[in-house]
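According to numbering that gives the first Met the number 0, the residues represented by the sequence shown are 0 to 460, in order.
Glycine included, every Cβ here is placed at the ideal spot set by N, Cα and C.
In what follows, a single structure is set out as structure tokens and then discussed.
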Amino acid sequence: MPVDLGDDSAVVDFAKMSVPGATLRVESVFVLTPRFFCLLPWRCLPTTATEACAASVRYLDADGVLMASDVADVPAATGTRVDDDYLTVTMLSAGLAGILRRRSRAGHGDGRSEGLLPAPWRVAFSRLWWRCNEQGVPALDNDLELLALCTQPFVVWPIDLRLSPADMESSLLADDELSAFAEQGARLAAGDVEAEWQENIVYEALRLAAQVNGADDPGRIDRVYGVLRRRLIDYPVVSDLVVRDWEQEFDRTDGSGQTSVRRLVEAAYVPRPVRGEYRYLRCPSCRNTVSGSHVSCGTPGCASGQAESVASRALAVAYDQHRATRRFIHDPGLVEARLFDALGDKRFEGRVRVTPYPGLDALDILIEFLSARGDETVVDETWGADAKDQASARLLGRGFSWPGVPECGRRFLVLPTHRAAQPGYAADLTAEIEGRVTGVEVVDEKRLISMVAKRARRDGR
Numbered sequence: 000m001p002v003d004l005g006d007d008s009a010v011v012d013f014a015k016m017s018v019p020g021a022t023l024r025v026e027s028v029f030v031l032t033p034r035f036f037c038l039l040p041w042r043c044l045p046t047t048a049t050e051a052c053a054a055s056v057r058y059l060d061a062d063g064v065l066m067a068s069d070v071a072d073v074p075a076a077t078g079t080r081v082d083d084d085y086l087t088v089t090m091l092s093a094g095l096a097g098i099l100r101r102r103s104r105a106g107h108g109d110g111r112s113e114g115l116l117p118a119p120w121r122v123a124f125s126r127l128w129w130r131c132n133e134q135g136v137p138a139l140d141n142d143l144e145l146l147a148l149c150t151q152p153f154v155v156w157p158i159d160l161r162l163s164p165a166d167m168e169s170s171l172l173a174d175d176e177l178s179a180f181a182e183q184g185a186r187l188a189a190g191d192v193e194a195e196w197q198e199n200i201v202y203e204a205l206r207l208a209a210q211v212n213g214a215d216d217p218g219r220i221d222r223v224y225g226v227l228r229r230r231l232i233d234y235p236v237v238s239d240l241v242v243r244d245w246e247q248e249f250d251r252t253d254g255s256g257q258t259s260v261r262r263l264v265e266a267a268y269v270p271r272p273v274r275g276e277y278r279y280l281r282c283p284s285c286r287n288t289v290s291g292s293h294v295s296c297g298t299p300g301c302a303s304g305q306a307e308s309v310a311s312r313a314l315a316v317a318y319d320q321h322r323a324t325r326r327f328i329h330d331p332g333l334v335e336a337r338l339f340d341a342l343g344d345k346r347f348e349g350r351v352r353v354t355p356y357p358g359l360d361a362l363d364i365l366i367e368f369l370s371a372r373g374d375e376t377v378v379d380e381t382w383g384a385d386a387k388d389q390a391s392a393r394l395l396g397r398g399f400s401w402p403g404v405p406e407c408g409r410r411f412l413v414l415p416t417h418r419a420a421q422p423g424y425a426a427d428l429t430a431e432i433e434g435r436v437t438g439v440e441v442v443d444e445k446r447l448i449s450m451v452a453k454r455a456r457r458d459g460r
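If you want it as structure tokens, here you go:
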């Protein structure tokens with residue numbers, strides 16, 4: 000029931016009306032964080048719950064900063080239409096990341112009370128309530144019901160979501176963790192703060208190691224960065240003996256006397272105490288560790304088969320990659336490594352120059368086609384390629400952008416073979432980036448290699 004707080008403000012309790020968001024504080028411009036607020040004068044407050052919630056509702060964080068909207072541009076009394084279900088599942092993903100992060104903290108003895116569920120989750124719940132209302136299906140009763148739905152593919156949800164056929168087969172939770180689809184959505188919404196924070200630490204350590212060992216030479220900085228970035232792909236597990244060799248190769252230290260390479264390893268890996276010879280099981284294809292001989296590595300597109308046993312030696316420590324390093328650097332980097340290896344073949348020697356991660360990872364690959372003019376080698380044409388291995392083509396398209404530098408005559412978004420083989424993936428991606436990014440060609444890894452080979456043979460070269 001409304002409680003009169005004066006001429007122009009009121010608190011309206013909708014808790015008993017089955018409307019998401021139990022409390023609205025309404026006045027001409029008023030914020031009650033982290034609840035809802037409406038830009039609606041009290042004199043104009045609608046008389047029914049449905050009309051009240053058809054007002055334009057916004058979510059703010061504790062500082063009053065706009066985080067998200069549960070309804071965009073709501074039409075007048077004819078009904079509410081939530082047009083973008085990708086925004087809804089992105090908010091759900093970010094909310095789930097926040098919930099799992101809170102659970103992790105609680106498991107480590109952090110007993111802080113954090114009050115309401117994460118704001119993105121509440122926004123998504125509200126959007127789904129409107130979708131149910133629009134479709135005439137029973138609304139979700141509570142958060143536990145929605146959590147249960149998150150373990151199931153969207154295709155079996157009682158709500159008809161407007162997602163691509165491929166994405167409809169995805170769920171948001173798998174084995175009590177974020178699915179690959181949800182990881183992608185949470186990152187797009189900047190919701191998986193812990194994973195993104197860890198990933199940023201690794202990239203910062205990479206850049207620092209390249210800069211201090213590059214001696215202010217941009218070309219050498221790029222080369223050092225490319226070498227160390229590739230080692231994160233080639234070494235999911237590394238011993239302290241191997242790390243010592245890396246330190247001898249790139250020996251620049253900081254003020255404390257520690258090498259920048261050691262800093263990188265500490266950021267990207269988790270140390271495990273071990274002495275002498277040790278063995279572990281790994282997938283023979285991606286080299287990720289597995290827990291049993293017939294346990295799948297779970298790496299997208301990896302036909303791992305039976306695990307192999309690997310022997311190594313350490314003085315005192317072996318390092319396993321941090322979860323964020325594996326999921327956001329190593330696994331997506333496998334397609335990049337295949338491209339580097341293929342384009343570094345001897346058949347391209349003297350005709351094609353490949354630079355991995357130019358401009359400290361502005362792009363994945365810079366491809367330069369060369370020709371001889373007298374005693375000089377000149378660049379005839381430059382191509383750029385960015386390889387992406389992500390679960391959802393639609394979410395990839397929404398988050399994709401092309402850097403302003405380096406300049407490239409042709410620009411390619413490269414898909415790994417297993418993504419390109421998914422029905423509709425390339426078409427969905429192309430449709431999503433149309434109008435967002437211009438001049439980018441979507442190809443698979445084999446197609447790009449074929450195109451480079453054809454271009455290198457031009458004019459008899």
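Residue span of the alpha helix (DSSP H) that contains residue i, given as start and end
| i | result |
| --- | --- |
| residue 432 | 424-432 |
| residue 462 | Since the first residue shown for the chain is 0 and the last is 460, residue 462 is missing from the structure and cannot be characterised. |
| residue 143 | 142-149 |
First and last residue of the uninterrupted beta strand (DSSP E) at residue i
| i | result |
| --- | --- |
| residue 411 | 409-414 |
| residue 452 | Premise fails: residue 452 lies in the alpha helix (DSSP H), 444-455, not in any beta strand (DSSP E). |
| residue 165 | Where residue 165 is concerned, there is no enclosing beta strand (DSSP E), although the alpha helix (DSSP H) it sits in stretches over 164-167. |
| residue 355 | 351-355 |
Local conformation of residue i per DSSP, three classes
| i | result |
| --- | --- |
| residue 399 | coil |
| residue 341 | helix |
| residue 383 | strand |
| residue 319 | strand |
| residue 249 | coil |
| residue 242 | helix |
| residue 133 | helix |
| residue 461 | Outside the shown range of the chain (0 to 460) lies residue 461, about which nothing can therefore be said. |
| residue 420 | coil |
| residue 208 | helix |
| residue 372 | strand |
| residue 361 | coil |
| residue 367 | strand |
| residue 105 | helix |
| residue 334 | helix |
| residue 439 | strand |
| residue 173 | strand |
| residue 378 | strand |
| residue 201 | helix |
| residue 404 | coil |
Whole-angstrom distance between residue j and residue i, CA atom to CA atom
| i | j | result |
| --- | --- | --- |
| residue 450 | residue 249 | 36 angstroms |
| residue 178 | residue 378 | 44 angstroms |
| residue 304 | residue 289 | 11 angstroms |
| residue 169 | residue 131 | 20 angstroms |
| residue 372 | residue 268 | 47 angstroms |
| residue 463 | residue 363 | Residue 463 is absent from the model: the chain starts at 0 and stops at 460. |
| residue 313 | residue 404 | 42 angstroms |
| residue 55 | residue 335 | Low per-residue confidence applies at residue 55: pLDDT is 32, beneath 50, and the placement is therefore not dependable enough to give any value. |
| residue 295 | residue 325 | 15 angstroms |
| residue 358 | residue 400 | 16 angstroms |
| residue 242 | residue 455 | 38 angstroms |
| residue 13 | residue 121 | Reliability of the predicted coordinates at residue 13 is poor, the pLDDT of 32 falling under 50, and no value is obtained from them. |
| residue 137 | residue 432 | 35 angstroms |
| residue 425 | residue 307 | 34 angstroms |
| residue 272 | residue 225 | 29 angstroms |
| residue 119 | residue 409 | 38 angstroms |
| residue 254 | residue 233 | 29 angstroms |
| residue 321 | residue 415 | 23 angstroms |
| residue 338 | residue 216 | 26 angstroms |
Contacting residues, own chain, Cβ-Cβ under 8 angstroms from residue i (five flanking each side not counted)
| i | result |
| --- | --- |
| residue 156 | 148 |
| residue 223 | 208, 209, 212, 213 and 249 |
| residue 134 | 158 and 159 |
| residue 154 | 167 and 168 |
| residue 395 | 183, 387, 389, 428 and 431 |
Cutoff 7 angstroms; reference residue i; Cβ partners in own chain excluding five residues on either side
| i | result |
| --- | --- |
| residue 279 | 236, 288 and 309 |
| residue 263 | 204, 205, 208 and 227 |
| residue 523 | Only positions 0 to 460 of the chain appear in this structure, which leaves residue 523 out of reach. |
Beta-carbon contacts of residue i that lie in its chain and below 6 angstroms, excluding the five residues immediately before and after
| i | result |
| --- | --- |
| residue 398 | 187 |
| residue 270 | 316 and 318 |
Could you pull out every unbroken beta strand (DSSP E) segment of at least 3 residues lying fully inside the segment 253-316, listed in chain order? 268-272, 275-281 and 307-313
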